[in-house]
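One structure is given here, and the rest of the page talks about it.
There are 4 protein chains.
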Amino acid sequence: MPKQHPIYISVIGGDRDHTTPQGLELAEEVGRRIAEAECILVNGGMGGTMERAAKGAKSAGGTTIGILSTTDRTAANPYIDFAIPTPLGFVRNVLVANASDAVIALPGKWGTTNELSFAMIAGIPVVAIEGWDAKLRDDQGRSRFTEVPHASDAAEAVAMAINLAKQRREG
Amino acid sequence: MPKQHPIYISVIGGDRDHTTPQGLELAEEVGRRIAEAECILVNGGMGGTMERAAKGAKSAGGTTIGILSTTDRTAANPYIDFAIPTPLGFVRNVLVANASDAVIALPGKWGTTNELSFAMIAGIPVVAIEGWDAKLRDDQGRSRFTEVPHASDAAEAVAMAINLAKQRREG
Amino acid sequence: MPKQHPIYISVIGGDRDHTTPQGLELAEEVGRRIAEAECILVNGGMGGTMERAAKGAKSAGGTTIGILSTTDRTAANPYIDFAIPTPLGFVRNVLVANASDAVIALPGKWGTTNELSFAMIAGIPVVAIEGWDAKLRDDQGRSRFTEVPHASDAAEAVAMAINLAKQRREG
Amino acid sequence: MPKQHPIYISVIGGDRDHTTPQGLELAEEVGRRIAEAECILVNGGMGGTMERAAKGAKSAGGTTIGILSTTDRTAANPYIDFAIPTPLGFVRNVLVANASDAVIALPGKWGTTNELSFAMIAGIPVVAIEGWDAKLRDDQGRSRFTEVPHASDAAEAVAMAINLAKQRREG
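Residue numbers (the numbering used here), protein chains in the order written: chain A, 217 to 387; chain B, 217 to 387; chain C, 217 to 387; chain D, 217 to 387.
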């Protein structure tokens, strides 16, 4: 019988300088719900969205993996169980996008757009929280990326991501 | 006296399946104008935007470099002077973005978004042609990425790109 | 107080076609001893040395991380706890080398040489088991890589690797 | 009729700190002979072996491409015609190995071993000059890597590399 892997979900979003207070709250709730669903959280392991999502996951007893943009393991935030240092700098984004069965996009900017586009290219399901691209909007607050499924809150995002991941596995 | 490098400009945009007829025409004109300005054209070396931009550059006697997503050099389009095969698949996008002094974005989709976001992360100047994100618009035709400077036509895009590249070098 | 990370040790060596029966036995013992020392085992997650090292680690209740050369998580061997699929092919070797605090080299060939050289470049301590380069010897059975510390058996290799990892952390 | 690409040959070997005076002389002669044979020289674009090989190629009117380990194009040595900056650090080694139809290994150390092993993994023909691994020998001066074809001088190395490249293309 082949090993049954748990579902891995990557949470992407801005670091401290590229997110919003609401984005950080969403990150923590998304992380917590991922853990409650017994999925594994993957992210870039550093600050901002990455730290709050991992904090949420640990608050519910989950497991967290951080794929770092540096060779220094101690750069991981304290909520990362398994920190994977890399010498790739921001090119590690491709690893965050490809490590998981589904990706949830929270407020962020170019790094988040980079990870989201890597997931879309690879055919990995992405769920964006409404407003994930707050940092990319025009002066009338309009948003785009209409091809990406959007969820209205953390609970819906995690439920959608798990469903899409399951469909893809069975695919 | 240090070697004086020419200006390198990367042209990004969809392959045959992710561009538009207008995008292909723009690609050829942008490529031609890059060569006329004695800049070197860099792109992903394959079809669609990549082929037409290289064709335009060669029509004006320019030099073209293609960084391929495959290890097979013969996958390069016939207008590429120097084809660099890689084993990185679409991760070679980061090389296309980082090889140049400025990036011009033509109509495309996720691969183009991926390259554009890599350039923005790296601080490499990007000029997008109005409508580059035609494939990413919503049902009301609205566009975003307002932080990226937009040009209204090929001539303006190449002029802006060269100016931004020069400013960055002197910076 | 900063998070205290456990010691990560990467075990490198040939897949099924590039190892030896003795190499596979060593892999299992090395994996077991890594787990007994409460270190985390990292490797490429696939077959041969990678599978037997992970099997050994799991026999002692350890934790195993596999960084795969494919985007298919189910390609991981059944002893991998956390499988990280990547789109990098053999370029993932650099991740295996850089993820750990020390590297143990078991019998292998060019892939193993590649990972070993990445570790040496990065300044990550490497311990080679005598004969790790059996597949690379000349007709008189002579070995090289004299700059790499060699251990005579699995127990010595793991002890040396842990000591070198600790020295590097304190360094 | 498909485009007929010239033969690309990568020359690998130590930077200033990881080569020998003889290695530098060999580099210059190898570069010159590559250009005389109307092949394109590819290397890492920086100092030591890379600079001398490019100097040799330019002395015979050849074309040189350097794939840099840095995002700063001006880090290229002055004999590089086309400098490709990358954000990959030493991971760009894989690009040097895979860009060419054959690889010639000159005296070097871990970086050279890394590039050589990438070429061997990818099935790209490698020719090593006797003594390429001088920096890796034991105290009795013994060498290894017997699976790699060795040439006794620069002329033989370039002739062998071109033959192997042609065979592979026809293969």
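A virtual CB, placed ideally from N, CA and C, is assigned to each residue, including glycine.
Can you name the residues of chain D whose CB is closer than 7 Å to the CB of residue i?
i       : result
T271(B) : Note that residue 271(B) is Lys in the sequence shown here, rather than Thr. Those do not exist, as K271(B) stays about 12 Å from chain D at its closest Cβ, beyond 7 Å.
W326(C) : S333, M336, I337
T329(C) : T329, S333
Could you list which residues in chain D have their beta carbon closer than 9 Å to that of residue i, in chain order?
i       : result
G305(A) : P303, L304, G305
Taking only the alpha-carbon atoms, compute the straight-line gap between residue i and residue j and give it to the nearest angstrom.
i       : j       : result
T302(D) : S275(C) : 43 Å
E244(B) : G261(A) : 42 Å
V342(A) : F306(B) : 18 Å
N314(A) : T280(C) : 19 Å
M266(A) : N379(D) : 52 Å
D231(A) : G264(C) : 39 Å
P323(D) : E346(D) : 9 Å
D233(A) : A381(A) : 30 Å
G278(A) : G229(B) : 41 Å
E252(A) : L311(B) : 39 Å
I256(A) : K219(A) : 16 Å
N309(B) : S226(B) : 11 Å
Y239(B) : I223(B) : It is worth fixing the name first, because residue 239(B) is Gly in this sequence and not Tyr. Each residue's Cα considered, the two are about 23 Å apart.
I337(A) : K325(B) : 9 Å
I250(A) : I296(A) : 14 Å
A321(A) : R268(A) : 14 Å
E241(D) : A318(D) : 20 Å
R385(D) : G272(B) : 29 Å
N259(C) : R248(C) : 14 Å
V246(D) : S316(B) : 29 Å
I300(B) : H221(D) : 11 Å
G282(B) : G387(C) : 44 Å
D349(D) : A270(D) : 21 Å
E254(B) : S285(C) : 41 Å
R235(A) : E363(A) : With the sequence shown as reference, residue 235(A) is identified as Thr, and Arg is not the correct amino acid for it. For T235(A) and E363(A), the distance between alpha carbons rounds to 22 Å.
L304(C) : P237(C) : 29 Å
Q383(B) : A344(C) : 51 Å
I340(D) : G339(B) : 35 Å
F298(A) : F298(D) : 41 Å
Can you give me the start and stop residues for the alpha helix (DSSP H) that residue i sits inside?
i       : result
I378(C) : 370-386
V312(A) : 309-314
F334(D) : 326-338
G239(D) : 237-252
G272(D) : 265-275
Under 9 Å Cβ-Cβ, which residues of chain A neighbour residue i?
i       : result
A381(C) : Correct list: empty, because the minimum Cβ distance to chain A is about 11 Å.
Check the Cβ of residue i against every Cβ in chain A and list those closer than 7 Å, keeping chain order.
i       : result
V310(B) : V307
Give the residues of chain C in contact with residue i, contact being defined as C-beta atoms less than 8 Å apart.
i       : result
A315(A) : I300, P301, T302
Could you spell out where the beta strand (DSSP E) holding residue i opens and where it closes?
i       : result
I223(D) : First-last for I223(D): undefined, no H or E at that position.
N293(D) : Unbroken run through N293(D): none, as it is neither H nor E.
G257(D) : The amino acid at residue 257(D) is misidentified as Gly; the sequence shows Leu. It spans 256-259 - the beta strand (DSSP E) in which L257(D) sits, taken as one unbroken run.
T280(C) : 280-283
V364(A) : Here V364(A) belongs to no beta strand (DSSP E), and DSSP marks it neither H nor E.
Comparing the C-beta of residue i with each C-beta of chain E, is any distance below 8 Å?
i       : result
V374(B) : Judged by its chain identifiers, the structure shown contains no chain E, and its protein chains are A, B, C and D.
Meets three-Cβ-pair contact criterion under 8 Å: the stretch 362-379 of chain A and the stretch 371-384 of chain B: no
Please list the residues of the stretch 278-289 of chain C that have a C-beta atom closer than 7 Å to any C-beta atom in chain A, keeping them in chain order. I281, T287, R289
Any contact of the stretch 317-330 of chain B with the stretch 323-333 of chain A, i.e. 3+ C-beta pairs under 8 Å? yes
Measuring CB atoms only, is the stretch 277-295 of chain C touching the stretch 277-291 of chain B, in the sense that at least three cross pairs come out at less than 8 Å? no
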